[in-house]
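A.B. asks: Here it is: the structure, laid out below.
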Amino acid sequence: MNTEFLSRWLSPLGLDAAQSSLTSQVFLVVLAVVIANFVISRVLKRLIAGARKTAVLWDDAALEALERPLRLLLWLVGIAFAADMVGQHTDAPIFDAVDPVRKIGVIALIAWALTRLIANTEQAIIARGETLGKPADISTVSAIGKLLRVTVIITTVLIALQSLGFSISGVLAFGGVGGIAVGFAAKDLLANFFGALMVYLDRPFSIGDWIRSPDKDIEGTVEEIGWRLTRIRRFDKRPLYVPNAIFTQISVENPSRMTHRRIYETLGIRYDDLDKMQAITDDVRQMLIDHPDIASEQTMIVHFNAFNASSLDFFVYTFTHTTQWVEFHRVKQDVLLQVARIIEEHGAQIAFPTRTLHLPDGVRISTAQELERAAQPVDNAG
2 MNTEFLSRWL
12 SPLGLDAAQS
22 SLTSQVFLVV
32 LAVVIANFVI
42 SRVLKRLIAG
52 ARKTAVLWDD
62 AALEALERPL
72 RLLLWLVGIA
82 FAADMVGQHT
92 DAPIFDAVDP
102 VRKIGVIALI
112 AWALTRLIAN
122 TEQAIIARGE
132 TLGKPADIST
142 VSAIGKLLRV
152 TVIITTVLIA
162 LQSLGFSISG
172 VLAFGGVGGI
182 AVGFAAKDLL
192 ANFFGALMVY
202 LDRPFSIGDW
212 IRSPDKDIEG
222 TVEEIGWRLT
232 RIRRFDKRPL
242 YVPNAIFTQI
252 SVENPSRMTH
262 RRIYETLGIR
272 YDDLDKMQAI
282 TDDVRQMLID
292 HPDIASEQTM
302 IVHFNAFNAS
312 SLDFFVYTFT
322 HTTQWVEFHR
332 VKQDVLLQVA
342 RIIEEHGAQI
352 AFPTRTLHLP
362 DGVRISTAQE
372 LERAAQPVDN
382 AG
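Heads up, the final residue of the sequence shown is numbered 383 in the numbering used here, and it's a clean run with no missing numbers.
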């Protein structure tokens with residue numbers, strides 16, 4: 002950058018050649034901003050690196066949030082200062098906008114820094130919980146973060162309007178009247194908003210939970226709880242978007258919060274093995290008590306249950322320690338195979354559908370061979 006070039010750039014704004022020293026002042030301001038930006042950037046990087054090594058939650062979140070807004074603030078202040086210097090030597094109307102732009106810019110940068118601080122703190126709380134083995138409730142943290150960001154944005158808009166000369170009381174009064182009209186026009190949107198609020202407050206489910214509803218065809222893993230919609234990933238991997246107002250009208254089951262999973266199976270042996278039923282049920286019960294994956298302190302029932310059409314039924318009712326779906330089925334398979342072995346060890350057999358046909362005395366059933374011979378043609382030759 003040279004003085005002659007800056008003088009040629011400033012001349013259309015009403016500055017003559019005698020005032021070319023102003024270009025040097027503008028150049029110095031810009032140079033000072035560049036140097037200050039470089040120094041602050043290096044200092045912040047060192048501070049951030051040191052803050053990440055500490056156990057304090059807020060320091061690194063605050064420093065990372067301030068880095069980019071602070072650097073832009075330096076440029077805003079420097080350019081506005083240089084523009085003020087030029088504006089003192091010219092009557093160009095463009096320089097009348099310097100002060101409002103500077104005010105709005107400072108307000109916007111402060112709001113940006115605050116929203117970045119909220120987002121960084123939100124991530125830090127979640128990460129800290131995972132590190133300490135005490136996971137934070139992601140839904141609650143996300144809800145508080147969203148509320149704080151909305152508060153910052155609304156406050157920023159009101160302060161910006163006031164700095165531009167608008168009456169805040171008038172804006173609020175207009176918002177009150179307009180809010181009634183908007184409320185009638187967007188009642189479904191408001192219902193979804195308050196539905197989300199109820200989900201955040203009551204916490205029937207959180208992100209990552211498997212939920213289902215007996216009232217609606219809703220089942221899957223919760224991926225996101227928004228202000229209007231909740232995204233659920235179905236087990237076939239299709240996304241399901243549910244308006245939050247629905248959750249105020251239906252029952253929701255949350256299998257992810259089960260303490261145990263239940264095994265409830267009915268098995269049958271032959272009528273010929275009735276005398277072995279007591280020993281079989283006793284051994285099955287003992288097997289469940291000794292099984293490392295069965296919660297023997299929970300309700301456990303192994304009893305002869307019913308005379309069925311083709312079998313003598315007993316049922317197995319017990320609970321597993323695990324609630325994980327795949328692991329539960331591994332445990333259930335092991336239990337059923339051991340039950341089958343116990344039945345076999347007692348010389349009994351698992352029953353399958355059979356039918357016994359009783360015939361009166363003197364009734365004879367022909368065999369297949371006899372029926373086949375009877376169907377052959379008779380040779381009458383000779």
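Glycine is no exception: its CB is placed at the ideal position from the N, C-alpha and C atoms.
#1: Can you tell me where the beta strand (DSSP E) with residue 189 in it begins and where it stops?
#2: Quick one: residues in its chain with C-beta nearer than 7 Å to the C-beta of residue 309, no 5 flanking neighbours on either side, listed in chain order?
#3: Using a Cβ-Cβ cut-off of 8 Å (strictly less than) and excluding sequence neighbours within five positions of residue 318, which residues of its own chain qualify?
#4: Pop quiz: residue 288 and residue 315 are said to be a contact at Cβ under 8 Å. What is the actual Cβ separation, rounded to whole angstroms?
#5: Closer than 8 Å by C-beta to residue 208: which residues in its own chain qualify, once you throw out the five before and the five after it? Chain order, please.
#6: Between which two residues does the beta strand (DSSP E) carrying residue 249 extend?
#7: Can you say whether residue 83 is buried or exposed, counting buried as having 16 or more other CB atoms within 10 angstroms of its CB?
#8: Which residues share a DSSP beta bridge with residue 269?
#9: Per DSSP, what kind of secondary structure is residue 158 in: helix, strand or coil?
#10: Check whether the Cβ atoms of residue 285 and residue 340 lie closer than 8 Å to each other.
#11: What are the start and end residues of the beta strand (DSSP E) that includes residue 356?
#12: Give the single residue among 215, 74 and 282 whose Cα lies nearest to the Cα of residue 345.
#13: Quick check on residue 235: does DSSP put it in helix, strand or coil?
#14: In or out: residue 361 buried (at least 16 other Cβ within 10 Å) or exposed?
#15: Provide the residue(s) that pair with residue 212 in DSSP beta bridges, ordered along the chain.
#16: Give every residue of the same chain whose Cβ lies closer than 6 Å to the Cβ of residue 112, excluding the five residues on either side of it in the sequence, and list them in chain order.
#17: Between residue 325 and residue 231, what straight-line distance do the alpha-carbon atoms span, to the nearest angstrom?
#18: Run through DSSP, which three-state label would residue 101 get?
#19: Which residues mark the beginning and the end of the beta strand (DSSP E) in which residue 330 is found?
#20: Here's the rule I'm using: 16 or more other beta-carbon atoms within 10 Å means buried, otherwise exposed. How should residue 335 be labelled?
#21: Let me know the secondary structure DSSP gives residue 230 once reduced to three states.
#22: Going by C-alpha to C-alpha distance, which of 61, 145 and 248 sits closest to residue 384?
#23: Have a look at 64, 248, 41 and 74 and flag the residue whose alpha-carbon is nearest the alpha-carbon of residue 125.
#24: Any idea what DSSP makes of residue 255, helix, strand or coil?
#25: Run through DSSP, which three-state label would residue 308 get?
#26: Which term fits residue 95, buried or exposed, when burial requires 16 or more other beta carbons within 10 angstroms of its beta carbon?
#27: Give the single residue among 294, 228, 217 and 272 whose Cα lies nearest to the Cα of residue 194.
#28: Check this for me: beta carbons of residue 214 and residue 168, under 8 Å apart or not?
#29: Out of curiosity, what's the CA-to-CA distance linking residue 261 and residue 201?
#30: Determine the extent of the alpha helix (DSSP H) in which residue 241 is found, giving its start and end residues.
#31: Tell me whether the region 66-81 and the region 113-124 touch, counting them as touching only if at least three CB pairs, one residue from each stretch, are closer than 8 Å.
#32: Rounded C-beta distance between residue 47 and residue 81? I'm assuming under 8 Å.
#33: So the candidates are 312, 110 and 198; which of them puts its Cα closest to the Cα of residue 353?
#34: Select from 31, 110 and 351 the residue whose C-alpha is nearest the C-alpha of residue 70.
#35: With burial defined as no fewer than 16 other Cβ atoms inside 10 Å of the residue's Cβ, what is the status of residue 39: buried or exposed?
C.D. replies: For this structure:
#1: In the sequence shown, counting from the first residue as 1, residue 189 sits at position 188. No beta strand (DSSP E) holds residue 189; the alpha helix (DSSP H) holding it covers 188-203.
#2: As a working note, residue 309 is residue 308 in the sequence shown. Closer than 7 Å at Cβ, skipping near neighbours: 269.
#3: In the sequence shown, counting from the first residue as 1, residue 318 sits at position 317. So the qualifying residues of the chain are 263, 264, 265, 300, 301, 302 and 303.
#4: Against the sequence shown, residue 288 aligns to sequence position 287. Against the sequence shown, residue 315 aligns to sequence position 314. 13 Å between Cβ atoms; not a contact.
#5: Here the question's residue 208 lines up with position 207 in the sequence shown. Once the five neighbours on either side are set aside, the close Cβ partners of residue 208 are 139, 140, 143, 223, 224, 225 and 226.
#6: Start at 1 with the first residue of the sequence shown, and residue 249 comes out as number 248. Looking at the DSSP string, residue 249 is not in any beta strand (DSSP E), and its letter there is neither H nor E.
#7: Here residue 83 refers to the residue found at position 82 of the sequence shown. Buried: at least 16 other Cβ atoms inside 10 Å.
#8: For this step, residue 269 is matched to residue 268 along the sequence shown. According to DSSP, which records beta bridges pairwise, residue 269 is partnered with 314.
#9: Mapped onto the sequence shown, residue 158 falls at position 157. Here residue 158 sits in helix by DSSP.
#10: Here residue 285 refers to the residue found at position 284 when the sequence shown is read from its first residue. Here residue 340 refers to the residue found at position 339 when the sequence shown is read from its first residue. Their beta carbons are under 8 Å apart, which means residue 285 touches residue 340 by this criterion.
#11: Mapped onto the sequence shown, residue 356 falls at position 355. Unbroken run through residue 356: none, as it is neither H nor E.
#12: Position 344 of the sequence shown holds residue 345. Ranking the options by Cα distance to residue 345, first place goes to 282.
#13: Translated into the one-based positions of the sequence shown, residue 235 becomes position 234. It is coil, neither helix nor strand.
#14: Stepping through the sequence shown from its first residue, residue 361 is reached at position 360. With fewer than 16 Cβ atoms within 10 Å of its Cβ, residue 361 is classed as exposed.
#15: Position 211 of the sequence shown, counted from the start, is the residue given in the question as residue 212. Paired residues: 221.
#16: Within the sequence shown, residue 112 is the residue found at index 111, counting from 1. Within the same chain, and ignoring the five residues on either side of residue 112 in sequence, the residues whose Cβ sits closer than 6 Å to its Cβ are 153 and 157.
#17: As a first step, residue 325 is located in the sequence shown; it is residue number 324 there, counting from the start. As a first step, residue 231 is located in the sequence shown; it is residue number 230 there, counting from the start. Taking the straight line from one Cα to the other gives about 24 Å.
#18: As a first step, residue 101 is located in the sequence shown; it is residue number 100 there, counting from the start. Here residue 101 sits in helix by DSSP.
#19: As a first step, residue 330 is located in the sequence shown; it is residue number 329 there, counting from the start. Note, residue 330: premise wrong, no beta strand (DSSP E); alpha helix (DSSP H) at 326-346.
#20: Here residue 335 refers to the residue found at position 334 of the sequence shown. With fewer than 16 neighbouring CB atoms inside 10 Å of its own CB, residue 335 falls in the exposed class.
#21: The residue you call residue 230 lines up with position 229 of the sequence shown. Note: residue 230 maps to strand in three-state DSSP.
#22: Examination of residue 384 is not possible in this model, given that the chain is present from 2 through 383 alone.
#23: Within the sequence shown, residue 125 is the residue found at index 124, counting from 1. Closest option to residue 125, judged by alpha-carbon separation, among 64, 248, 41 and 74: 64.
#24: What you label residue 255 is simply residue 254 of the sequence shown in a count that begins at 1. Residue 255 falls in the coil class under three-state DSSP.
#25: By 1-based counting over the sequence shown, the position of residue 308 is 307. In the structure shown, residue 308 sits in a strand (DSSP, three-state: E or B).
#26: As a first step, residue 95 is located in the sequence shown; it is residue number 94 there, counting from the start. Per the 10 Å Cβ criterion, exposed.
#27: One-based indexing of the sequence shown puts residue 194 at position 193. Cα-wise, what sits closest to residue 194 is 228.
#28: Counting from 1 along the sequence shown, the entry for residue 214 is found at position 213. Counting from 1 along the sequence shown, the entry for residue 168 is found at position 167. Contact flag unset, no.
#29: Your numbering for residue 261 matches position 260 in the sequence shown. Your numbering for residue 201 matches position 200 in the sequence shown. Distance between the alpha carbons of residue 261 and residue 201: 26 Å.
#30: Working through the sequence shown from its first residue, we reach residue 241 at position 240. First-last for residue 241: 240-244, but that is the beta strand (DSSP E), not the alpha helix (DSSP H).
#31: Segments in contact, yes.
#32: Within the sequence shown, the letter at position 46 stands for residue 47. Within the sequence shown, the letter at position 80 stands for residue 81. With a Cβ gap of about 28 Å, residue 47 and residue 81 do not count as contacting.
#33: Taking the first residue of the sequence shown as position 1, residue 353 is located at position 352. Considering only alpha carbons, the answer is 312.
#34: Start at 1 with the first residue of the sequence shown, and residue 70 comes out as number 69. Comparing alpha-carbon positions, the option among 31, 110 and 351 lying closest to residue 70 turns out to be 110.
#35: Residue 39 sits at position 38 when you count from the first residue of the sequence shown. Residue 39 comes out exposed.
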